[in-house]
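The opening residue of the sequence shown carries number 300 in the numbering used here; numbering runs sequentially from there.
Glycine is no exception: its CB is placed at the ideal position from the N, C-alpha and C atoms.
Bear in mind the structure is a predicted one, so any value in this text is a computation, not a measurement.
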Amino acid sequence: MNAKPKTMEEHLNYLLSMIRLKLFFLARWQHTHPDEDFSFTLRERVDIFRKTDLNPEALNPIGKYFELPQWRCLEDRLREIYHLVGGDENLFEEWGFDLIRPHVENRCERDFYDRSSISAYQCGFLRHDLAVSPSAPDTIGFHIANDCQPNSFFEDRKHIKECFTRLLDRAETLFHAQKISTDTWLNSVPKWLALFPAEWQENLSEADRDVRWHYGFWGQFISARGTFNAKAGAYLRETGELPCYPKHSWCSIRSMREHLRTL
């Protein structure tokens with residue numbers, strides 16, 4: 300399948316649609332968690348700051364800039380709006396969107412051409428951590444992104460096998476690891492689980508419903524083309540729930556190598 304790359308206009312629509320959805324979610328979360336600090340919800344559960352022109356770095360900034368006066372001003376205004384509309388999700392979304400929109404539009408072109416995030420992936424659509432965790436010194440964690448955009452990496456089984464083989468080789472050579480692991484919403488998706496041995500499914504954790512700002516939760520709202528996943532967005536609006544919640548799992552490198560031979 301050869302999909303068309305997204306346009307600048309589609310990228311702007313993606314950014315604005317994500318901002319709208321996250322403002323809606325923010326209001327819903329605050330309503331059901333009234334004791335949680337508004338700034339914590341805004342900073343830690345949704346990804347808005349990084350998509351604005353107040354973010355001085357690339358898409359995934361190394362630093363944190365929540366104390367910038369301009370951002371603090373936006374935070375305070377959003378908090379005022381939330382209380383002014385009495386927590387009404389739709390009104391908060393509309394008024395908050397009017398406030399944030401210019402900052403997103405001003406960053407759109409820079410964001411559109413930013414390839415820094417995928418360039419950090421050492422193994423195609425997979426990226427391993429730069430060190431093992433002291434709590435699990437025999438395990439290397441990894442992350443997932445779609446390096447085949449505008450197509451999906453799921454469409455290329457040969458690419459999948461090559462990327463995982465590279466990950467396993469690097470895990471053993473660089474870290475002397477014996478296992479791989481990840482936390483992702485994809486661990487709730489059958490076609491993703493089919494890429495792993497039975498051991499992976501046996502080790503699946505319970506779903507993590509403590510929503511955080513990163514792609515482990517919010518990646519499901521991005522299509523293979525990098526556009527907004529309207530179906531997933533509609534599900535969240537209708538139910539107040541994410542379509543999928545992240546789960547943690549792991550398997551041995553040995554069992555993963557054996558399973559790759561069957562793909």
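DSSP-derived helix/strand/coil call for residue i
i: K478; result: strand
i: C543; result: coil
i: T483; result: strand
i: T538; result: helix
i: P333; result: coil
i: H382; result: helix
i: A644; result: Only positions 300 to 562 of the chain appear in the structure, and residue 644 is not among them; the question remains open.
i: P401; result: helix
i: S316; result: helix
i: H513; result: coil
i: F339; result: helix
i: R556; result: helix
i: Q500; result: helix
i: D410; result: helix
i: P360; result: coil
i: I347; result: coil
i: K321; result: helix
Alpha-carbon to alpha-carbon, residue j and residue i
i: A589; j: E461; result: Absent from the structure is residue 589, since the part of the chain shown begins at 300 and ends at 562.
i: A506; j: Y544; result: 6 Å
i: L448; j: A523; result: What sits at residue 448 in the sequence shown is Gln, not Leu. Approximately 6 Å between the Cα atoms of the pair.
i: Q369; j: V510; result: 26 Å
i: V345; j: W512; result: 4 Å
i: A430; j: I439; result: 7 Å
i: R406; j: E501; result: 43 Å
i: E298; j: A302; result: The first residue shown for the chain is 300 and the last is 562, placing residue 298 beyond what the model contains.
i: W291; j: R342; result: Nothing about residue 291 can be reported from this structure: the residues present for the chain run from 300 to 562 only.
i: E471; j: G395; result: 48 Å
i: F424; j: D437; result: 22 Å
i: E379; j: R508; result: 27 Å
i: V488; j: G515; result: 13 Å
i: C422; j: S432; result: 20 Å
i: I552; j: A435; result: 14 Å
i: H442; j: T481; result: 7 Å
i: F520; j: R560; result: 31 Å
i: P542; j: F365; result: 29 Å
i: S416; j: W484; result: 19 Å
i: R426; j: L473; result: 13 Å
i: Q477; j: I347; result: 37 Å
i: I459; j: S554; result: 16 Å
DSSP beta-bridge partners of residue i
i: F527; result: I521
i: L425; result: C422 and I443
i: C550; result: I479
i: A435; result: S432
Contact set for residue i: own chain, Cβ-Cβ below 8 Å, skip 5 residues either direction
i: T340; result: L325, W328, Q329 and H332
Residues near residue i by beta carbon distance below 6 Å, same chain, minus five either side
i: T526; result: K305, E309 and Y313
i: K350; result: L314 and V403
i: W499; result: S548 and C550
i: S504; result: K546 and H547
i: R465; result: C422
Residue i burial status per 10 Å Cβ neighbour count (16 or more: buried)
i: D375; result: exposed
i: Y412; result: exposed
i: H475; result: exposed
i: S548; result: buried
i: I361; result: exposed
i: M317; result: buried
i: G385; result: exposed
Any non-hydrogen atom of the ligand GTP closer than 7 Å to residue i Cβ
i: R371; result: Here there are no bound small molecules, and the ligand GTP is not part of this structure.
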